[in-house]
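Q: Sharing a structure, written as structure tokens. Questions coming.
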Amino acid sequence: MAKVLTSQADDFPRWYQDVLAKAQLAENGPVRGTMVIRPYGYSIWERIQSEVDARIKACGAENAYFPLFIPESYLQREAEHVEGFSPELAVVTHAGGKALDEPIVVRPTSETVIGEYMSRWIQSYRDLPLLLNAWNNVVRWELRPRLFLRTTEFLWQEGHTAHATREDAAAYATRILREVYEDFMVNVLAIPVLVGRKTASERFAGAINTMTLEAMMRDGKALQMGTSHELGQNFSRAFDITYLDAAGETQYCWTTSWGSTTRMIGGLIMTHGDDGGLVVPPLLAPIQTVVVLVKEADGAGERVAALADELAAAGVRARVDDRTSVSFGRRATDWELKGVPVRLELGPRDLAAGAVTVVRRDTGEKSQVPLDRAVARVRELLDRIQVDLLAAATARRDAATTDVTTVDEAAEAAQTGFARLPWDVVRGEGEARLAERGVTVRCLMGPDGSLPPSEDEPDLVAVVARAY
RNA sequence: CGGGGAGUGGCGCAGUGGAAGCGCACCUGCUUUGGGUGCAGGAGGCCGAGGGUUCGAGUCCCUCCUCCCCGACCA
Numbered sequence: 010m011a012k013v014l015t016s017q018a019d020d021f022p023r024w025y026q027d028v029l030a031k032a033q034l035a036e037n038g039p040v041r042g043t044m045v046i047r048p049y050g051y052s053i054w055e056r057i058q059s060e061v062d063a064r065i066k067a068c069g070a071e072n073a074y075f076p077l078f079i080p081e082s083y084l085q086r087e088a089e090h091v092e093g094f095s096p097e098l099a100v101v102t103h104a105g106g107k108a109l110d111e112p113i114v115v116r117p118t119s120e121t122v123i124g125e126y127m128s129r130w131i132q133s134y135r136d137l138p139l140l141l142n143a144w145n146n147v148v149r150w151e152l153r154p155r156l157f158l159r160t161t162e163f164l165w166q167e168g169h170t171a172h173a174t175r176e177d178a179a180a181y182a183t184r185i186l187r188e189v190y191e192d193f194m195v196n197v198l199a200i201p202v203l204v205g206r207k208t209a210s211e212r213f214a215g216a217i218n219t220m221t222l223e224a225m226m227r228d229g230k231a232l233q234m235g236t237s238h239e240l241g242q243n244f245s246r247a248f249d250i251t252y253l254d255a256a257g258e259t260q261y262c263w264t265t266s267w268g269s270t271t272r273m274i275g276g277l278i279m280t281h282g283d284d285g286g287l288v289v290p291p292l293l294a295p296i297q298t299v300v301v302l303v304k305e306a307d308g309a310g311e312r313v314a315a316l317a318d319e320l321a322a323a324g325v326r327a328r329v330d331d332r333t334s335v336s337f338g339r340r341a342t343d344w345e346l347k348g349v350p351v352r353l354e355l356g357p358r359d360l361a362a363g364a365v366t367v368v369r370r371d372t373g374e375k376s377q378v379p380l381d382r383a384v385a386r387v388r389e390l391l392d393r394i395q396v397d398l399l400a401a402a403t404a405r406r407d408a409a410t411t412d413v414t415t416v417d418e419a420a421e422a423a424q425t426g427f428a429r430l431p432w433d434v435v436r437g438e439g440e441a442r443l444a445e446r447g448v449t450v451r452c453l454m455g456p457d458g459s460l461p462p463s464e465d466e467p468d469l470v471a472v473v474a475r476a477y
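What follows is the structure in structure tokens.
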């Protein structure tokens, strides 16, 4: 492979920046912290949306849209919520050429405005559960932005639901965590995630329980890939989200919210990417296979086009690269940088052999396959790569995870990966001591890996790490 | 806001008082297409802004602006 990127070993953050630029994923916008997502990067986001949206709908939620602008007074109705978000709000004070009577905030999240409308839409227990989701953009003024990982404006989906009982709300928040996020991340992104509970200090502003999915990047740091919250009755009390139960009594609803963002693209890059660039898992890839015309000769161009058609007919997202004005090496490198899982090369030597050269992006392995077996071979490889990427990422994570027994050992081990230790050892002053070394509790898990119903369960395990 | 750096073609950088340059990218032509081909030619600059010193300032002095990195918040 040609060396066109800073290597991961030399400088991981710079490697990340190089990949963004060379794979044409995204670049900085003119206002600090904003992001321009380029067509290839956006096509990856569209694939994410498509997969996540289908899973959300399978859980019964419906899409809706709520406004970008929220009255400042709405945020102030929930004390913890406003306290949590105040430092990062963008506030509109002037519009239409004059000062506004009440400032308008640009949504940092939509709990408040959706709460207002839930209170109007919910009358009786027959209206519950109310299951909503929105695909939109939000703004949180970030002091230290990084493309995809932490930007002032980002794209996401935010789900908001209202239920009759705490148990229903908890069950739904957990269902989304498992059936939407975990399933998508593991089976499509091929990223292994730890599913756990946030500590009180890491909890969402206004939630009674925050659950998280944590992935390990190739540099050993953790990335929160998604969250699901039980909001208790905090927002239903603030926004008067009530219903009449079967006995005719007025009750407050129990609400949830859950979100996943363009940050997942950052996680994708840093989980699977290597010194050759991005590596996209086949099930996610906007382009699963590129058919490269090495050189126009002996009808090779027609064979390339026919091959791409056969692949498309077999359900493979295929693309032709017949830009013979660009040198072969350049084009091979381009597709590697973009992480296309399987590349087919067709040139005179292949034609003479009645074959096509097949290259795996993840391993670099090359083989020659008879033309009439090419489509079947591609489909086998796509399946194989999907499985292998998850296995490789899981192996890397497990190899960089250490069981320890003290806070000091955990802080040390977390400099290069994840550390696991008893929660009882950490709780209290432990979180502050870890923070001194840049380490946080990523999540709490049961001894068997289960999702704890509270942080007071016996024998909980704390997973700690440095995080993005 | 505390500490540390940097502003020079699109991007990355060199240039310590005397002709604005280099690499990549871009355009033209030829060449080469099986791993970022090679050669030749070419286009592109208010050197962050303002003021000062000097015969002469990208370079020295002053003021301002912006950006980046390290700390506290965060999907």
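Under the numbering used here, the letters of the first sequence match residues 10 to 477, in that order.
Positions of the beta carbon are idealized from the N, C-alpha and C atoms, including for glycine.
What residue from Thr280, Val148 and Ser459 has the CA that sits closest to Met234's CA?
A: Residue 234 sits at position 225 when you count from the first residue of the first sequence. Closest option to Met234, Cα to Cα, is Thr280.
Q: Among residues of its own chain, excluding the 5 on either side of Glu60, which ones have a beta-carbon nearer than 7 Å to its beta-carbon?
A: Against the first sequence, residue 60 aligns to sequence position 51. So the qualifying residues of the chain are Phe193 and Val197.
Q: Are the CB atoms of Val378 and Ala341 within a distance shorter than 8 Å?
A: As a working note, residue 341 is residue 332 in the first sequence. As a working note, residue 378 is residue 369 in the first sequence. Result no, Cβ atoms of Ala341 and Val378 do not sit closer than 8 Å.
Q: Within 10 Å of its beta-carbon, does Met10 have 16 or more other beta-carbons around it, so buried, or fewer, so exposed?
A: One-based indexing of the first sequence puts residue 10 at position 1. Only weak support is given to the placement of Met10: the predicted model assigns it a pLDDT of 49, under 50, and the value that follows is read from those uncertain coordinates. So Met10 counts as exposed.
Q: When you compare only the Cα positions, how much space is there between Leu480 and Ala362?
A: Because the chain in this structure spans residues 10 to 477, residue 480 falls outside the shown range and cannot be described.
Q: Could you tell me whether the Cβ atoms of Gly124 and Ala247 are closer together than 8 Å?
A: Here residue 124 refers to the residue found at position 115 when the first sequence is read from its first residue. Here residue 247 refers to the residue found at position 238 when the first sequence is read from its first residue. Cβ distance < 8 Å, so Gly124 and Ala247 count as in contact.
Q: Taking C-alpha atoms, which residue in Thr403, Val351, Leu460 and Leu98 lies nearest to Ala385?
A: Taking the first residue of the first sequence as position 1, residue 385 is located at position 376. The residue with the shortest Cα to Cα distance from Ala385 is Val351.
Q: At what residue ranges does the region 97–164 contain a whole run of the alpha helix (DSSP H), taking only runs of 4 or more?
A: Runs found: 120–130.
Q: Using the Cβ count rule (16 or more neighbours within 10 Å means buried), how would you classify Tyr181?
A: If you number the first sequence from 1, residue 181 lands on position 172. Flag for Tyr181 reads buried.
Q: Bridge partners of Gln166, per DSSP?
A: Numbered from its first residue, the first sequence carries residue 166 at position 157. Bridge partners of Gln166: Trp144 and Ser269.
Q: Give the secondary structure of Asp468 by DSSP, where H, G and I count as helix, E and B as strand, and everything else as coil.
A: Numbered from 1 along the first sequence, position 459 holds the residue referred to as residue 468. Reduced to three states, the DSSP call for Asp468 is coil.
Q: I'd like to know whether the C-beta atoms of Asn142 and Ile46 end up nearer to each other than 8 Å.
A: The count along the first sequence starts at 1 and reaches residue 142 at position 133. The count along the first sequence starts at 1 and reaches residue 46 at position 37. Not in contact: Asn142 and Ile46 (Cβ atoms no closer than 8 Å).
Q: Tell me whether Ala179 is buried or exposed, calling it buried when 16 or more other Cβ atoms sit within 10 Å of its Cβ.
A: Within the first sequence, residue 179 is the residue found at index 170, counting from 1. That one is buried.
Q: I need the straight-line Cα distance from Tyr25 to Phe157, nearest angstrom please.
A: For the purposes of this step, residue 25 is taken as residue 16 along the first sequence, with counting starting at 1. For the purposes of this step, residue 157 is taken as residue 148 along the first sequence, with counting starting at 1. About 11 Å.
Q: For Arg483, does the count of other Cβ atoms within 10 angstroms reach 16, so buried, or fall short, so exposed?
A: Residue 483 is absent from the model: the chain starts at 10 and stops at 477.
Q: If distances are taken between C-alpha atoms only, which option among Asp433, Asp330, Thr236 and Lys347 comes closest to Leu355?
A: As a first step, residue 355 is located in the first sequence; it is residue number 346 there, counting from the start. Per the Cα distances, Asp330.
Q: In angstroms with no decimal places, state the Cα-to-Cα distance between Thr161 and Ala255.
A: In the first sequence, counting from the first residue as 1, residue 161 sits at position 152. In the first sequence, counting from the first residue as 1, residue 255 sits at position 246. Approximately 45 Å between the Cα atoms of the pair.
Q: Taking C-beta to C-beta, are Gly205 and Ile185 nearer than 8 Å?
A: Here residue 205 corresponds to residue number 196 of the first sequence, with the count starting at 1. Here residue 185 corresponds to residue number 176 of the first sequence, with the count starting at 1. No, Cβ-Cβ distance for Gly205 and Ile185 is not below 8 Å.
Q: Please report the straight-line C-alpha distance between Asp502 and Leu430, rounded to a whole angstrom.
A: Absent from the structure is residue 502, since the part of the chain shown begins at 10 and ends at 477.
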